[in-house]
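Visitor: This is the structure, below, for whatever I ask next.
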Amino acid sequence: MAAFLSGCSSDDQSEPLRKISTPEPYILSQTDTPASAAEPEALPAEGKIIALTFDDGPNTTCTPKVLDVLEKYGIKASFFVIGDNIDEDTAGMMIRAHNMGCEINNHSKTHSYMNKMDEEDIKSELDYTSKLIEEYVGEKPKFFRPPYIAVSSEMYKATDLPFICGKGCNDWEESVSAKERADRVLAQAEDGDIILLHDSEFNDKTVEALDTIIPALRERGFSFVTVSELFAAKGVTPDGGSEILYSNCMQQ
Ligand SMILES: [Zn+2]
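The following block contains the structure:
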């Protein structure tokens, strides 16, 4: 599992992911549906949820295209933004996303290897971006995704925000085609998952892949929710106090 790790362009220094236990099927609502005699034997799985997430924005080249696709399908996602990318122009993308029901989360200020920083620098990276997010969208970020998925105990100590990883498809590599991106996401997707994609500048292949990924997951019975909604729907309180890097909201 987790053959395609996340983490932007880097030689992968990430910690090994904690093993994710196979979740029990989750039924959002099993009431009020009268059983029909004509019910087919193989029902599509119901109540599966998944959170699409996008790193490294905001920008005016890719973020609006991702939002257009989300809008076309009427779904929400979560964006993990880099503080240094936020200016008067790009902030409009965050505001648009927020108005669509998307969630804006923290992906540091400078996108550096924060596992090499001391606690003071880590806090300043996080605070800078959290303040800008709150200023523009009126809501504090609820989650943090470490750049390059590089973590340290100092980082976990420096913030109460839960750490989010996700299942990726190396979509920061230009050589990975849109079809490969979609295939990799679809091969891994499970109930409760966080999918890690990038709305980095000019990342058109991921925009293209979404047109395969979204309908295919829908076909398989998935609904698309924000990261906060994912935890809430599964009755899980994300743990910001321990060193968990979540790729599925039900992992321990
Ligand atoms: Zn990143």
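Under my numbering, residue 266 is the last one in the sequence shown; the count climbs by one each step, no gaps.
Each residue gets a CB set at the ideal place from its N, CA and C atoms; glycine is no exception.
1. Heavy atom of ligand 1 less than 7 Å from the Cβ of P155, yes or no?
2. Given the structure, does D70 come close to ligand 1, in the sense that its CB is under 7 Å from one of the ligand's heavy atoms?
3. Would you decide whether K154 is buried or exposed? Buried here means 16 or more other CB atoms lie within 10 Å of its CB.
4. Measuring CB atoms only, is the region 74-84 touching the region 102-109, in the sense that at least three cross pairs come out at less than 8 Å?
5. State yes or no: is the C-beta of P161 nearer than 7 Å to some heavy atom of ligand 1?
6. Can M131 and A164 be called in contact, C-beta distance under 8 Å?
7. Alpha carbon to alpha carbon, what distance is there between Y87 and L146?
8. Could you name the residues of the same chain whose beta carbon sits closer than 7 Å to that of A230, not counting the 5 residues immediately before and after it, in chain order?
9. Report the partner residues of D69 according to the DSSP bridge assignment.
10. Residue ranges of each alpha helix (DSSP H) run of no fewer than 4 residues wholly in the region 199-258, ordered along the chain?
11. Can the beta-carbon of G254 be found less than 8 Å from the beta-carbon of P160?
12. For the structure I just gave you, are there three or more beta carbon pairs, one from the region 137-144 and one from the region 81-99, closer than 8 Å?
Guide: On the basis of the coordinates in this document:
1. The count along the sequence shown starts at 1 and reaches residue 155 at position 141. It does not: the Cβ of P155 is nowhere closer than 7 Å to a heavy atom of ligand 1.
2. What you label residue 70 is simply residue 56 of the sequence shown in a count that begins at 1. Under cutoff, so the answer is yes.
3. Taking the first residue of the sequence shown as 1, we reach residue 154 at position 140. K154 is exposed by the Cβ-count criterion.
4. Short answer: they touch.
5. The count along the sequence shown starts at 1 and reaches residue 161 at position 147. The answer is yes for P161.
6. For the purposes of this step, residue 131 is taken as the residue at position 117 of the sequence shown. For the purposes of this step, residue 164 is taken as the residue at position 150 of the sequence shown. Against a cut-off of 8 Å, the Cβ pair of A164 and M131 comes out as no contact.
7. Within the sequence shown, residue 146 is the residue found at index 132, counting from 1. Within the sequence shown, residue 87 is the residue found at index 73, counting from 1. Here the alpha carbons of Y87 and L146 stand approximately 29 Å from one another.
8. Within the sequence shown, numbered from 1, the residue matching residue 230 stands at position 216. The beta carbon of A230 lies closer than 7 Å to those of L200 in the same chain, with the five residues before and after it left out.
9. Position 55 of the sequence shown holds residue 69. The secondary-structure analysis by DSSP pairs D69 across a beta bridge with F94 and H212.
10. If one requires a minimum length of 4 residues, the alpha helix (DSSP H) runs lying completely within the region 199-258 are 218-233 and 241-247, in chain order.
11. For the purposes of this step, residue 254 is identified with residue 240 of the sequence shown, where counting begins at 1. For the purposes of this step, residue 160 is identified with residue 146 of the sequence shown, where counting begins at 1. Contact flag unset, no.
12. Short answer: they touch.
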